[in-house]
Amino acid sequence: MNGQLNGKVALITGGGSGIGAAIAKRFVAEGAKIVITGRRKEALAETVAALPEGSVLPFAGDIRNPDDAKAMVEATVAFGGKIDILVNNAAIDPPGTVVNISVELFQSVIETNLYGPFYTMKYAIPFMKDAGGGSIVNIASLAGLRRIPAMPAYCASKSGLIGLSQTVALDHGCDGIRCNVVAPGATSTAMLENAMAGLAKTLDTDSKGALLHMTRFNPIPRPASPEEITGAVVFFASDDSAVITGTVLPVDSGSCVVDPNGAALAGMNWGDAD
426 MNGQLNGKVA
436 LITGGGSGIG
446 AAIAKRFVAE
456 GAKIVITGRR
466 KEALAETVAA
476 LPEGSVLPFA
486 GDIRNPDDAK
496 AMVEATVAFG
506 GKIDILVNNA
516 AIDPPGTVVN
526 ISVELFQSVI
536 ETNLYGPFYT
546 MKYAIPFMKD
556 AGGGSIVNIA
566 SLAGLRRIPA
576 MPAYCASKSG
586 LIGLSQTVAL
596 DHGCDGIRCN
606 VVAPGATSTA
616 MLENAMAGLA
626 KTLDTDSKGA
636 LLHMTRFNPI
646 PRPASPEEIT
656 GAVVFFASDD
666 SAVITGTVLP
676 VDSGSCVVDP
686 NGAALAGMNW
696 GDAD
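Okay, so the sequence shown: first residue is 426 according to my numbering, each after it adds one.
What follows is the structure, given as structure tokens:
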């Protein structure tokens with residue numbers, strides 16, 4: 426690694442598994458001290474065990490609770506003396522149309538995926554402003570730009586996060602604070618693989634086979650690994666993106682450029698293309 430985050434202190438929500446754990450490991454490899462948060466102490470402990478002693482502090486808490494979010498930020502400042510970087514990664518994605526998803530579950534998705542980042546930004550920005558600036562990287566989704574059937578809560582929360590991020594970029598650029606969005610496409614995490622159970626059963630395959638089927642028309646015809654998302658996050662967190670703010674970057678194997686109906690009609694096989 427190139428030490429792009431040497432001397433930086435970061436808070437990463439949802440840092441115990443999937444993309445969040447990959448970001449945590451990459452940040453430490455790039456020289457940052459980090460605090461990782463999540464509701465599952467065991468998952469946080471696994472990530473901590475894989476990192477050098479003294480480089481990471483776990484904080485078990487619920488991002489939906491504003492008091493917990495405030496405490497996460499304060500713990501980061503206490504651990505590293507400041508907060509340079511905030512990565513809002515914690516998210517949930519239960520399915521259900523507006524008719525059959527419960528009111529309680531819809532509210533939980535919005536509270537986790539949208540209110541949570543609002544809370545952490547609300548409490549982190551004053552510390553960043555006092556220190557002369559900082560970088561916020563919000564992990565949205567391609568579902569914030571396009572739509573997934575039967576997932577209105579997730580799509581709404583990620584669209585809202587993009588809008589919120591761009592407003593923060595507008596309001597706080599003068600404070601030296603940048604706010605950008607990474608929007609992953611299909612990524613091989615446990616969360617997505619669990620969501621593939623129905624498709625896998627229909628195709629008589631496993632979750633990995635279902636993911637390959639789902640991504641077969643992408644220019645890069647496979648899902649990303651969590652580690653492949655981290656480069657974009659490091660770029661936005663580092664000084665290399667010093668004049669970039671309010672940007673939404675899809676990291677999606679090129680799926681945002683594909684018309685899936687046209688691709689299916691043409692029987693396209695990207696792997697055999699000239």
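We put the CB at the ideal spot given by N, CA and C, even for glycine.
The beta carbons of Asp-600 and Lys-554 sit closer together than 8 Å.
At a Cβ-Cβ threshold of 8 Å, Asn-538 and Gly-440 do not count as neighbours.
According to the DSSP assignment, Arg-641 belongs to no beta strand (DSSP E), since it is labelled neither H nor E. Under DSSP, Arg-603 forms a beta bridge with Ser-560. Burial check for Arg-603: the Cβ neighbour count within 10 Å reaches 16 or more, so the residue is buried. The DSSP-derived three-state label of Val-524 is coil.
Counting only unbroken stretches of 3 or more residues, the beta strand (DSSP E) elements lying wholly within the stretch 619–683 are 673–676, in sequence order. If the five residues before and after Lys-433 are omitted, its C-beta is found closer than 6 Å to the C-beta atoms of Ala-457, Asp-509, Ile-510, all from its own chain and listed in chain order.
Inter-residue distance for Leu-436 and Pro-483 is about 10 Å (C-alpha atoms, whole angstroms).
If you keep only unbroken beta strand (DSSP E) runs of at least 3 residues inside the stretch 451–490, you get 458–463, 481–485. For Ala-575, the secondary structure class from DSSP, reduced to helix, strand or coil, is coil. For Thr-438, the uninterrupted beta strand (DSSP E) run begins and ends at 434–438, by DSSP.
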